[in-house]
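>
Number of protein chains: 2
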Amino acid sequence: MSKERYHHGELRAALLDAAEALVRERGVDGWSLREASARVGVSPSAAYHHFDSRDALVRTLSERVIARLGERLRRAAHRASGDHRHRRLIAYGRSYVRWALEDPAVARLAFAAGHTDLRTPISPHPHDVLAAELDRLVDTGELPSAARPGAEFVVWAAVHGLATLLTDGLVHLDGLRAVDREAERLIDAVLTGLTREQPPARPWPTPRSAHSQRLADRAPDTPTTTTALASKPTEAPS
Amino acid sequence: MSKERYHHGELRAALLDAAEALVRERGVDGWSLREASARVGVSPSAAYHHFDSRDALVRTLSERVIARLGERLRRAAHRASGDHRHRRLIAYGRSYVRWALEDPAVARLAFAAGHTDLRTPISPHPHDVLAAELDRLVDTGELPSAARPGAEFVVWAAVHGLATLLTDGLVHLDGLRAVDREAERLIDAVLTGLTREQPPARPWPTPRSAHSQRLADRAPDTPTTTTALASKPTEAPS
DNA sequence: CGTACATCTGAGCACTGTTAAGATGTACGG
DNA sequence: CCGTACATCTTAACAGTGCTCAGATGTACG
Numbered sequence: 000m001s002k003e004r005y006h007h008g009e010l011r012a013a014l015l016d017a018a019e020a021l022v023r024e025r026g027v028d029g030w031s032l033r034e035a036s037a038r039v040g041v042s043p044s045a046a047y048h049h050f051d052s053r054d055a056l057v058r059t060l061s062e063r064v065i066a067r068l069g070e071r072l073r074r075a076a077h078r079a080s081g082d083h084r085h086r087r088l089i090a091y092g093r094s095y096v097r098w099a100l101e102d103p104a105v106a107r108l109a110f111a112a113g114h115t116d117l118r119t120p121i122s123p124h125p126h127d128v129l130a131a132e133l134d135r136l137v138d139t140g141e142l143p144s145a146a147r148p149g150a151e152f153v154v155w156a157a158v159h160g161l162a163t164l165l166t167d168g169l170v171h172l173d174g175l176r177a178v179d180r181e182a183e184r185l186i187d188a189v190l191t192g193l194t195r196e197q198p199p200a201r202p203w204p205t206p207r208s209a210h211s212q213r214l215a216d217r218a219p220d221t222p223t224t225t226t227a228l229a230s231k232p233t234e235a236p237s
Numbered sequence: 000m001s002k003e004r005y006h007h008g009e010l011r012a013a014l015l016d017a018a019e020a021l022v023r024e025r026g027v028d029g030w031s032l033r034e035a036s037a038r039v040g041v042s043p044s045a046a047y048h049h050f051d052s053r054d055a056l057v058r059t060l061s062e063r064v065i066a067r068l069g070e071r072l073r074r075a076a077h078r079a080s081g082d083h084r085h086r087r088l089i090a091y092g093r094s095y096v097r098w099a100l101e102d103p104a105v106a107r108l109a110f111a112a113g114h115t116d117l118r119t120p121i122s123p124h125p126h127d128v129l130a131a132e133l134d135r136l137v138d139t140g141e142l143p144s145a146a147r148p149g150a151e152f153v154v155w156a157a158v159h160g161l162a163t164l165l166t167d168g169l170v171h172l173d174g175l176r177a178v179d180r181e182a183e184r185l186i187d188a189v190l191t192g193l194t195r196e197q198p199p200a201r202p203w204p205t206p207r208s209a210h211s212q213r214l215a216d217r218a219p220d221t222p223t224t225t226t227a228l229a230s231k232p233t234e235a236p237s
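In order, the protein sequence lines correspond to chains U and D. Mapping the first sequence onto numbering that gives the first Met the number 0, position 183 (from 1) lands on 182, and the numbers just tick up by one. Mapping the second sequence onto numbering that gives the first Met the number 0, position 114 (from 1) lands on 113, and the numbers just tick up by one.
1) Looking at chain U, is there any beta carbon in it that lies within less than 8 Å of the beta carbon of aspartate 134(D)?
2) Please confirm if glycine 69(U) has its CB atom under 8 Å from at least one CB of chain D.
3) Can alanine 99(U) and arginine 87(U) be called in contact, C-beta distance under 8 Å?
4) Contact defined as beta carbons within less than 8 Å: I believe alanine 104(D) pairs with glycine 160(D). What is the distance between those atoms, to the nearest angstrom?
5) Kindly indicate if chain D contains any beta-carbon less than 8 Å away from that of aspartate 167(U).
6) In or out: proline 123(D) buried (at least 16 other Cβ within 10 Å) or exposed?
7) At which residues does the alpha helix (DSSP H) containing leucine 172(U) begin and terminate?
8) In whole angstroms, give me the CA-to-CA distance for alanine 215(U) and leucine 193(U).
9) Below 8 Å, how does it come out for the region 172–181 of chain D and the region 177–189 of chain U: are there three or more Cβ pairs, yes or no?
10) Which residues in the same chain have their Cβ closer than 7 Å to the Cβ of glutamate 19(D), if we skip the five residues on either side of it in sequence?
11) With 16 as the cutoff for other CB atoms within 10 Å, does serine 36(D) come out buried or exposed?
12) Taking the alpha carbon of valine 128(U) as the point to measure from, which residue in Ala146(U), Ala75(U), Leu172(U) has its own alpha carbon closest?
13) Listed in chain order, which residues of the region 169–193 of chain U have Cβ atoms closer than 8 Å to some Cβ of chain D?
14) Specify, as a first and last residue, the run of the alpha helix (DSSP H) that alanine 17(U) falls within.
15) Note down the Cα distance separating arginine 58(D) from phenylalanine 110(D), rounded to an integer number of angstroms.
16) Compare the beta carbon distance of leucine 165(D) and leucine 175(D) with 8 Å and say whether it is the shorter of the two.
17) By a C-beta neighbour count over all protein chains shown, 10 Å radius and 16 as the cutoff for buried, is glycine 81(U) buried or exposed?
18) Could you give the DSSP three-state label for valine 96(U): helix, strand or coil?
19) Going by the CB atoms, is the gap between valine 189(U) and alanine 157(D) shorter than 8 Å?
20) Just to make sure I have the definition right: I need the residues of chain U whose C-beta is within less than 9 Å of the C-beta of arginine 195(D). Which are they?
21) The ligand MN and tyrosine 47(D): does the residue's C-beta get closer than 7 Å to at least one heavy atom of that ligand?
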């Protein structure tokens, strides 16, 4: 399955793999389509039979990576143990940040601008996994349901921000332990903050379950929050 | 000061301006050095007498933009009024997010990877402005001093994360009002969370004033947090 | 076996960042 | 007022890029 000239093969997947490896090795922009093609053993123009453009290739890769992250986050939350109130979400946050740090270039590519097609659904999207966890928190009474609507974006912002600051080199923490602690502290702070939130009648669309705040079903009058890249409810990743 | 062939002129500044405009118009990567040179009325290679590479140009621009943001944030915090406990920091967060949304491409460029030289000091760095505000909060007794060390990174992560999610199109809020409310909610949650933080003896380097957590003075034993792009205490921007 | 079709190749276009050598204007001591 | 020194900018060229298009090549299937 290696030496053979591709033809009826998995050129598409092979190109994605090569591109991902190149991003990992040389950074988000330190590679060319030609290079990926060459690495796969194919002429530069072959790629254009599988992707409209280099950008399309990158977008597809981004989606694949995000879906993998989503799966990882879901598993992390489900496996979470301990006696901390917020253990599941702390696991979520820790896993998110660790993922970004393990592969900074790929992480950066995943969320880079323009890769969000709004229309393309992503399998277990990190946002949806988070929303599900928050719903669970409401069910167990650990989060007042009044605080639920939109809470996903508060938590996501916090986690995503820490990950971004770290991968972009704006903040540096020495060692994985320090990173874990920081993530934990952040999640804990945000969640207790949300829990004790004054209820000054925030005009949010009525509480909903996860996988809901989409472009489609926006509340008509109030300003509405929408997520790019929503997903079909549940689905195993490739 | 216009038609004249540059020579003894401000080519350097003019190139930065042209590049910034191009980024604004066509996105972080939708422009070339040659184009910026042409717009300024100069040959492509002229730029190389002022910058080592295109990347160096971008780095310099990034620093200029971050410094401008820092100044803006400082002003916003100082001007803050109202009776909310966290009004100054809410103003900070709101201003940060608004800035990012006003000019998404430029904001993205500002914090993009590799532009952080660790060595180059940035005039009023957003991090330092934030740290100063947190110190103030401790002084007025609104934040327990035990929660102070490292708090800057928690708050920064939250704010930066919201800004990033918005500029990268991962989350969409309809209207500036909604954005402001979200920023407010986020800051408020994080700060109350930090305030009520259980004191499980977090091993942080002893509390310090702002402008402190640098590469230089790290606590020797505990994992240490350092910021890229620190700054001289105070200084008017160009 | 031969035709239809997806798949890949080769050559080439306009463009990029970057370098080297040389032209050009500016400043300033005689 | 001249001439030399120097910073500044230009011209020409390099290798490499994304992308297109006409054609070669292999694969499947009647």
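Glycine is no exception: its CB is placed at the ideal position from the N, C-alpha and C atoms.
Checking against the coordinates, here is how it stands:
1) In the second sequence, residue 134(D) corresponds to position 135, counting from 1. For aspartate 134(D), the answer is no, since every Cβ of chain U falls outside 8 Å of its Cβ.
2) The residue given as residue 69(U) occupies position 70 in the first sequence. Taking 8 Å as the CB threshold, glycine 69(U) stays off the interface with chain D.
3) Looking up residue 99(U) in the first sequence gives position 100. Looking up residue 87(U) in the first sequence gives position 88. Cβ distance not < 8 Å, so alanine 99(U) and arginine 87(U) don't count as in contact.
4) Here residue 104(D) is taken as the residue at index 105 of the second sequence, counted from 1. Here residue 160(D) is taken as the residue at index 161 of the second sequence, counted from 1. Incorrect: roughly 19 Å between the Cβ atoms, too far for contact.
5) For the purposes of this step, residue 167(U) is identified with residue 168 of the first sequence, where counting begins at 1. Output row for aspartate 167(U): interface = yes.
6) In the second sequence, counting from the first residue as 1, residue 123(D) sits at position 124. Within a 10 Å sphere around the beta-carbon of proline 123(D) sit 16 or more other beta-carbons, which makes this residue buried.
7) Residue 172(U) sits at position 173 when you count from the first residue of the first sequence. No alpha helix (DSSP H) holds leucine 172(U); the beta strand (DSSP E) holding it covers 170–172.
8) Position 216 of the first sequence, counted from the first residue, corresponds to residue 215(U). Position 194 of the first sequence, counted from the first residue, corresponds to residue 193(U). At alanine 215(U) the pLDDT is 32, less than 50, meaning the model places this residue with poor confidence; the figure from the coordinates comes in the next sentence. Distance between the alpha carbons of alanine 215(U) and leucine 193(U) is about 27 Å.
9) Touching, no, given that fewer than three Cβ pairs across the two stretches are closer than 8 Å.
10) Your numbering for residue 19(D) matches position 20 in the second sequence. Cβ neighbours of glutamate 19(D) beyond the five flanking positions: Leu60, Val105.
11) Counting from one through the second sequence, the residue named residue 36(D) turns up at place 37. A residue is called buried when at least 16 other Cβ atoms come within 10 angstroms of its Cβ; serine 36(D) meets this threshold and is buried.
12) Here residue 128(U) refers to the residue found at position 129 when the first sequence is read from its first residue. Check the Cα spacing between valine 128(U) and each of Ala146(U), Ala75(U), Leu172(U): the tightest is with Ala75(U).
13) Of all residues in the region 169–193 of chain U, those with a C-beta nearer than 8 Å to a C-beta of chain D are Leu169, Val170, His171, Leu172, Asp173, Gly174, Arg176, Ala177, Arg180, Glu181, Arg184, Leu185, Asp187, Ala188, Val189, Leu190, Thr191, Gly192, Leu193, reading in chain order.
14) As a first step, residue 17(U) must be located in the first sequence, where it is residue number 18. 10–25 is the span of the alpha helix (DSSP H), which, as asked, contains alanine 17(U).
15) Numbered from its first residue, the second sequence carries residue 58(D) at position 59. Numbered from its first residue, the second sequence carries residue 110(D) at position 111. Straight-line Cα distance between these residues: approximately 10 Å.
16) Start at 1 with the first residue of the second sequence, and residue 165(D) comes out as number 166. Start at 1 with the first residue of the second sequence, and residue 175(D) comes out as number 176. No. Outside cutoff.
17) For the purposes of this step, residue 81(U) is identified with residue 82 of the first sequence, where counting begins at 1. Burial call: exposed.
18) Here residue 96(U) corresponds to residue number 97 of the first sequence, with the count starting at 1. Helix at valine 96(U).
19) Along the second sequence, one-based indexing puts residue 157(D) at 158. Along the first sequence, one-based indexing puts residue 189(U) at 190. Yes, the pair counts as a contact, with Cβ atoms nearer than the cut-off.
20) By one-based count along the second sequence, residue 195(D) stands at place 196. Ala188, Thr191, Gly192, Arg195, listed in chain order.
21) Absent from the structure shown: the ligand MN. Ligands present: none.
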